[in-house]
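Working notes for the structure below.
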Amino acid sequence: NAGVMQNPRHLVRRRGQEARLRCSPMKGHSHVYWYRQLPEEGLKFMVYLQKENIIDESGMPKERFSAEFPKEGPSILRIQQVVRGDSAAYFCASSDLDSGELFFGEGSRLTVL
Amino acid sequence: GNSVTQMEGPVTLSEEAFLTINCTYTATGYPSLFWYVQYPGEGLQLLLKATKADDKGSNKGFEATYRKETTSFHLEKGSVQVSDSAVYFCALSESGGGADGLTFGKGTHLIIQP
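Residue numbers (this note's numbering), protein chains in the order written: chain A, 314 to 426; chain B, 259 to 372.
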């Protein structure tokens, strides 16, 4: 049973470009969370989604960041017009309704030049 | 709001030493408490958890007891190994780790020397 799959594992972008990070949850999981880990920091909650719905986006920056979890396909975290401060590791986690336990992917490391 | 405070790292120990990583929390309700471990280049893995006061979570020789009176969930291991070198995150959730996600501490980098 495959775990949470994130891609790309590493992404390099120049300032002003767009970054798209993908997350496929564990089979049977309908809840997806995105977290950001800045260097030397803990993980900060960004957004919580269920299929086709954003449940809580209180941790998302108000501009340039968006997330979706369509009916078919992976969840996508999109960062437009990236800046150097967006350089971080972005982790996705998924859970199901029964256990509530979060399972994390290996992360996508974004570097903005 | 909720918050988690854990001891700053790095913590450097010799193999077979006793480990304690302190964690205290602030929460409005009665949260579940977790320790996650992150090995180099990998994602987070759940190490152990406790869902109510006085519960003890344990796994791979690590233990932590949910202390409501001191709002603490300190991580301990009696004899550490080089393979335990990693970053350890204390976390809490008001809903058992599900619906509202997790609030994390900043992490403690543990280095075990042979």
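We put the beta carbon where it would ideally sit given N, CA and C, even for glycine.
message = On the criterion of 16 or more Cβ atoms from any shown chain inside 10 Å, does Ile369/B qualify as buried, or is it exposed?
response = The residue given as residue 369/B occupies position 111 in the second sequence. Answer is exposed; the Cβ neighbour count stays below 16.
key: beta strand (DSSP E) runs wholly inside the stretch 337-379 of chain A, at least 3 long, in chain order   = 344-350, 356-363 and 366-369
key: Interface positions of the stretch 314-329 of chain B facing chain A (Cβ-Cβ less than 7 Å), listed along the chain   = none
ask   = Along chain A, which residues have their Cβ under 9 Å away from the Cβ of Gly365/B?
value = Residue numbering aside, residue 365/B sits at position 107 when the second sequence is read from its first letter. Simply Gln350, Glu353, Glu354, Gly355 and Leu356.
request  = Just the chain A side, please: which residues come within less than 7 Å of Leu304/B by C-beta, in chain order?
outcome  = For this step, residue 304/B is matched to residue 46 along the second sequence. Going along chain A in sequence order, the residues near Leu304/B (Cβ under 7 Å) are Glu414.
request  = For my contact list, Lys326/B and Glu354/A are in at a C-beta cut-off of 8 Å; report their separation, rounded to the angstrom.
outcome  = Stepping through the second sequence from its first residue, residue 326/B is reached at position 68. Stepping through the first sequence from its first residue, residue 354/A is reached at position 41. Lys326/B to Glu354/A, Cβ: 28 Å. No contact.
inquiry  = Helix, strand or coil, according to DSSP, for Arg391/A in the structure here?
reply    = Numbered from its first residue, the first sequence carries residue 391/A at position 78. Three-state DSSP puts Arg391/A in a strand.
request  = Would you please state the rounded distance, in angstroms, between the beta carbons of Thr328/B and Thr284/B? I believe it to be under 8 Å.
outcome  = Stepping through the second sequence from its first residue, residue 328/B is reached at position 70. Stepping through the second sequence from its first residue, residue 284/B is reached at position 26. With a Cβ gap of about 12 Å, Thr328/B and Thr284/B do not count as contacting.
request  = Compute the distance between the beta-carbons of Glu352/B and Glu334/B, then report whether it is under 8 Å.
outcome  = In the second sequence, residue 352/B corresponds to position 94, counting from 1. In the second sequence, residue 334/B corresponds to position 76, counting from 1. Contact flag unset, no.
inquiry  = For Gln339/B and Asn317/B, I'd like the C-alpha separation in whole angstroms.
reply    = Locating residue 339/B in the second sequence gives position 81, counting from the first residue. Locating residue 317/B in the second sequence gives position 59, counting from the first residue. One C-alpha to the other measures close to 14 Å.
The beta strand (DSSP E) enclosing Ser341/B, as first and last residue numbers = Sequence index remark: in the second sequence, residue 341/B carries index 83 (1-based). Careful: Ser341/B lies outside any beta strand (DSSP E) and carries neither H nor E.
ask   = Within this structure, are the beta carbons of Ser261/B and Thr361/B separated by less than 8 Å?
value = Position 3 of the second sequence, counted from the start, is the residue given in the question as residue 261/B. Position 103 of the second sequence, counted from the start, is the residue given in the question as residue 361/B. Contact flag set, yes.
query = Just the Cα atoms here: how many angstroms apart are Thr278/B and His332/B?
reply = The count along the second sequence starts at 1 and reaches residue 278/B at position 20. The count along the second sequence starts at 1 and reaches residue 332/B at position 74. Answer to the nearest angstrom: the Cα atoms are 7 Å apart.
ask   = Is Glu331/A close to chain B, meaning its C-beta is less than 8 Å from at least one C-beta of that chain?
value = Translated into the one-based positions of the first sequence, residue 331/A becomes position 18. Taking Cβ atoms only, chain B never reaches closer than 8 Å to Glu331/A, which makes this a no.
inquiry  = Can you list, in chain order, the residues of its chain with a C-beta nearer than 7 Å to that of Phe404/A? Leave out the 5 residues immediately preceding and following it.
reply    = Along the first sequence, one-based indexing puts residue 404/A at 91. Here the set comprises Tyr348, Gln350, Leu356, Phe417, Gly418 and Gly420.
Close beta carbons around Gly372/A, own chain, < 7 Å, minus the five adjacent residues each side = For the purposes of this step, residue 372/A is identified with residue 59 of the first sequence, where counting begins at 1. Within the same chain, Gly372/A has close Cβ partners Lys357, Phe358, Met359 and Val360.
request  = Could you check the C-alpha separation between Asp409/A and Ser343/B for me, to the nearest Å?
outcome  = As a first step, residue 409/A must be located in the first sequence, where it is residue number 96. As a first step, residue 343/B must be located in the second sequence, where it is residue number 85. Whole-angstrom Cα-Cα distance: 30 Å.
ask   = Using a beta-carbon distance below 8 Å, is Phe331/B in contact with chain A?
value = What you label residue 331/B is simply residue 73 of the second sequence in a count that begins at 1. Answer no: the Cβ-Cβ gap between Phe331/B and chain A never drops below 8 Å.
ask   = Taking Cβ positions, are Arg422/A and Arg322/A nearer each other than 8 Å?
value = On the first sequence, position 109 is the one that residue 422/A refers to. On the first sequence, position 9 is the one that residue 322/A refers to. Their beta carbons are under 8 Å apart, which means Arg422/A touches Arg322/A by this criterion.
Distance, Ala332/A Cα to Ser400/A Cα = Residue numbering aside, residue 400/A sits at position 87 when the first sequence is read from its first letter. Residue numbering aside, residue 332/A sits at position 19 when the first sequence is read from its first letter. Between Ser400/A and Ala332/A, the C-alpha separation is close to 11 Å.
ask   = Assuming Lys340/A contacts Lys364/A under a Cβ cut-off of 8 Å, what Cβ separation, rounded to an integer in Å, is found between them?
value = Translated into positions along the first sequence, residue 340/A becomes position 27. Translated into positions along the first sequence, residue 364/A becomes position 51. In fact, because the Cβ distance is near 14 Å, the residues do not count as touching under 8 Å.
ask   = Given that a residue counts as buried once 16 or more other Cβ atoms are within 10 Å of its Cβ, and exposed if not, what is Leu350/B?
value = Counting from 1 along the second sequence, the entry for residue 350/B is found at position 92. It is buried - the Cβ of Leu350/B has at least 16 other Cβ atoms within 10 Å.
task = Pull up the CB-CB distance for Leu426/A and Val325/A, whole angstroms please, since I reckon it's below 8 Å.
result = As a first step, residue 426/A is located in the first sequence; it is residue number 113 there, counting from the start. As a first step, residue 325/A is located in the first sequence; it is residue number 12 there, counting from the start. With 8 Å as the limit, Leu426/A and Val325/A qualify as a contact, their Cβ atoms being about 6 Å apart.
message = Going by DSSP in three states, Gly315/B sits in which element: helix, strand or coil?
response = Here the question's residue 315/B lines up with position 57 in the second sequence. Strand, per DSSP.
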